[in-house]
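Quick notes on the structure that follows.
There are 2 protein chains.
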Amino acid sequence: MSGVRPTILDLAALCGVSPATVSNALADKPNVKAETRDLVRRKAREIGYHASSAARGLRLGRSWSIGLVVGDIANPFVPDVVRGVEDVVWRERKNLILCNTDFQAEKKTAYVRSLLDKQIDGMIVLSQILDAQDMERVAAAGIPLVTVNRRAPDFSTDYVGIDNQSGVRMAVDYLVSLGHRRIAFVKGLFRSSSADDRFAAYQAAVQAHGLDGDPSLAVQGDYSMESGDSAARSLMALSQRPTAILAANDLMALGALGALHDLGIRVPADVSVVGFDNIQLAEHPLLNLTTINHPKRETGDAAARLLLQRIAGDRNEPPRSVVLKPSLIVRGTTAPPPSTPKPRRRRPVTVRGTGDGG
Amino acid sequence: MSGVRPTILDLAALCGVSPATVSNALADKPNVKAETRDLVRRKAREIGYHASSAARGLRLGRSWSIGLVVGDIANPFVPDVVRGVEDVVWRERKNLILCNTDFQAEKKTAYVRSLLDKQIDGMIVLSQILDAQDMERVAAAGIPLVTVNRRAPDFSTDYVGIDNQSGVRMAVDYLVSLGHRRIAFVKGLFRSSSADDRFAAYQAAVQAHGLDGDPSLAVQGDYSMESGDSAARSLMALSQRPTAILAANDLMALGALGALHDLGIRVPADVSVVGFDNIQLAEHPLLNLTTINHPKRETGDAAARLLLQRIAGDRNEPPRSVVLKPSLIVRGTTAPPPSTPKPRRRRPVTVRGTGDGG
DNA sequence: AACCGAATTAAAAACGTTTTAGCTCCTGAC
DNA sequence: GTCAGGAGCTAAAACGTTTTTAATTCGGTT
């Protein structure tokens, strides 16, 4: 009943060979007779022998697991990229240690230490930055690290992200092509690189189109739905309302959608809304959010690949980056502005909804 | 540069004591002078000593990590319970190994084996059943196991779930109180215990109210949004349409909502929709789904607590269960049926939406 | 019959802890 | 002056692998 699992010694005794031979046989080393190898294999299966990964880890200094540090697994963006990571990591039969930091510096540090104690093979950090000391520790331990969505300040690690600039640019271009000239922007979390990127891209795009750079059109959010809600409310309280709202992520866009609904403002008839990320529920017919697609699963996939290559290969090669391409997904929350002067280019967009209240 | 991390021998040498003493000092054993203990502690911090968990794991036969087996992390229900688990596991500074099985038997088995090789302290299995052989293996290894949402066939493990029966009952009672008499049900995944429970509860409730038990009102789904969509379509194709649809989870309810929207059927004016789980986005003003709340985070929390207690305590005590209480969350997708005879009891519900199409 | 090289296998060391059993002082009691 | 006992420490074993090095076998050659 209580688990006395067989060791390599038991197996060796059972096969009448030495532990070394068993080890070699199971590892498919060339220096063992085919006959004995098969015997060992068979007996191993028979008694259900599996090597202790603690022992193996101790001997080899590895653990066949990789650490995945996320801020909040409950954010709908995150599970999709986790899924991408898991998929490729699984192929190498490595395990995934999930670390949810809640964006707390202290928890982050503690997790990093714990991961290092475990001698993880590598580490992926999602949408966060490790502080200098943690970074230093990871480097000192020689653990490969890839950062996702936020670049290391010193560009020292492998990186995968998305071309925020072109994503935002596509959104703005599209809105402008519909005839919008007052385009508001809901910023992401304060002091986060992706949020900064997106905001800068918004400013550049607005300027490129020679639009009114009214600073009151840019309001601060924090990537949460609530912040999107209040952002929309404050924008609608402006004397000169925007005709379109571009949010730095879908959650805020959805929050804005909710607020507009509450305010009795029609979307897209009165104001258009565009998100960023294309989370799963954005395509629900009742939400039907026009957005920029962030390839989430591919992001996880790329991060994991980069990591595995780094683990297997040379650690001194210069850091590599993978920058994925966003794409515009036109759904039902965008249309020409109310008193449309003249839609330029592009097809008129599917009108949103039929109105479910008659 | 490359990581030569200090061992306990280094630290011992540095402090001029034996490794045993260092170990004892760091573990706060009583048999070491306060003075030396402090010295060791100080020096340890100084050189950044951390015990190798491989070595410790080998010696102690534990790993300070727990395995969390889920079917699909991208299902919006899952991350919330993961969050609950992580929270309590983190308090004991254990790590979480995330195993995403995609509901594939083979992957599940492989993950279980891998977890056992790692000598995890315990294991949580979410919304799945391990097959008999896997179950046997974890029992043989003496690893505590708690199952969530699905009971082990032999009732041999700790369990946490929700009272599906009373949840469904609340929903049906509520719909009946609004005046509905033709209440459809969208079943969950075929051959899953929670789905069976919910369906059985639906049947019982319908019967208890003396309603028409028309079998064509029960349609098969698989917990996905798409299945909710097609379920609603087939229900609406019935010659005798239902006036309310109760779905075994929110995803299917949202799918139904989408289908009804496409079909130009008004919710809740023409038909009411009720979900189950209360996933995050269900409360979005545009979805505003009436649903049964499944306390997700509490579920994870309870599972983790049960597991930790089992790990710390007696493994031979009889298995325990925690059954959480669901609650009805009335939002905007429910109202009296079109040709309402007379609403019984209960307050008239907030009417859904103002219609966003004018 | 002795020897050699190749093919197999075995012995032993090492990985970094924790714990058991024992050792050395020291103090106080007789 | 001896002895008991406790405080503080240490030596050594053990955990289960993998790998390096050495030993053994076994044809075939001379």
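Protein chains in written order, with my numbering: chain A, 96 to 453; chain B, 96 to 453. Virtual Cβ for every residue (Gly too), placed ideally from N, Cα, C. Source: prediction; values computed, not measured.
CB contact check: residue i to chain A, cutoff 8 Å
i      : result
S209/B : yes
G305/B : no
I168/B : yes
N195/B : yes
P433/B : no
I103/B : no
L330/B : no
Q199/B : no
R186/B : no
Q158/B : Note that residue 158/B corresponds to Ser in the displayed sequence, not to Gln. Yes, its Cβ sits closer than 8 Å to a Cβ of chain A.
H389/B : no
K420/B : no
D212/B : yes
P171/B : yes
R178/B : yes
Cβ-Cβ separation, residue j to residue i (assumed contact under 8 Å), whole Å
i      : j      : result
I424/A : T394/A : Actually they are not in contact, since the Cβ atoms of I424/A and T394/A sit about 16 Å apart, beyond 8 Å.
L193/A : I168/A : 7 Å
V164/B : I219/B : 7 Å
I215/A : R245/A : Between R245/A and I215/A the Cβ distance is about 20 Å, and since that is not below 8 Å, they are no contact.
V503/B : A332/B : As shown, chain B starts at 96 and ends at 453. That puts residue 503/B outside it, with no answer to give.
L273/A : P431/A : 5 Å
A348/B : G323/B : 6 Å
Burial state of residue i, where buried means 16 or more other Cβ atoms lie within 10 Å
i      : result
R415/B : exposed
N373/A : buried
P248/A : exposed
D451/B : Since pLDDT at D451/B reaches only 44, below the 50 mark, its modelled position is unreliable, and the value read off the structure follows with that caveat. Under this definition D451/B is a buried residue.
R410/A : exposed
V233/B : buried
I142/A : exposed
R154/A : exposed
G156/A : exposed
A227/A : exposed
L355/B : buried
P125/A : exposed
G111/A : exposed
F250/A : exposed
E181/A : buried
G350/B : buried
D396/B : buried
S113/A : exposed
Spatially closest choice to residue i from the options, by CA coordinates
i      : options                           : result
V267/A : V99/A, A107/A, R137/A and A339/A  : A339/A
R286/B : Q298/B, G316/B and L358/B         : G316/B
H304/A : Y269/A, W185/A and L352/A         : Y269/A
P413/A : L419/A, L210/A, P421/A and Q404/A : Q404/A
N195/B : M265/B, R132/B and P174/B         : P174/B
Q260/A : T428/A, S422/A, P433/A and S434/A : S422/A
V418/A : V127/A, I257/A, K128/A and W159/A : I257/A
V176/B : R400/B, P431/B and L210/B         : R400/B
K213/B : S160/A, M265/A and L221/A         : S160/A
G370/A : P310/A, D309/A and S319/A         : S319/A
R208/B : S434/A, D291/A and R188/A         : R188/A
Contact with chain B by residue i, beta-carbon distance below 8 Å
i      : result
K437/A : Confidence is the limiting factor: at K437/A the pLDDT is only 49, short of 50, which leaves the residue's position unreliable, though a coordinate-based value still follows. Answer no: the Cβ-Cβ gap between K437/A and chain B never drops below 8 Å.
I192/A : yes
A149/A : yes
E181/A : yes
S251/A : no
G408/A : no
G316/A : no
G353/A : yes
R100/A : yes
D175/A : yes
L402/A : no
D462/A : Because residue 462/A is not part of the residues shown, which for chain A are 96 to 453, the question remains open.
Q: Check each residue of the segment 219–249 of chain B: if its Cβ is closer than 7 Å to any Cβ of chain A, include it; give the result in chain order.
A: A235, A236 and G237
Q.
Any C-beta of chain A within less than 7 Å: which residues of the segment 363–387 of chain B qualify?
A. L376, H379, P380, L381 and L382
(Q) Please list, in chain order, the residues of the segment 123–153 of chain A that have any C-beta partner in chain B closer than 9 Å. (A) G143, H145, A146, S147, S148, A149, A150, R151, G152 and L153
**Q.** Against chain B: residues of the segment 259–281 of chain A by CB proximity under 7 Å
**A.** Taking 7 Å as the Cβ-Cβ cut-off, the segment 259–281 of chain A has no residue approaching chain B.
Q. Listed in chain order, which residues of the segment 333–351 of chain A have Cβ atoms closer than 8 Å to some Cβ of chain B?
A. L349
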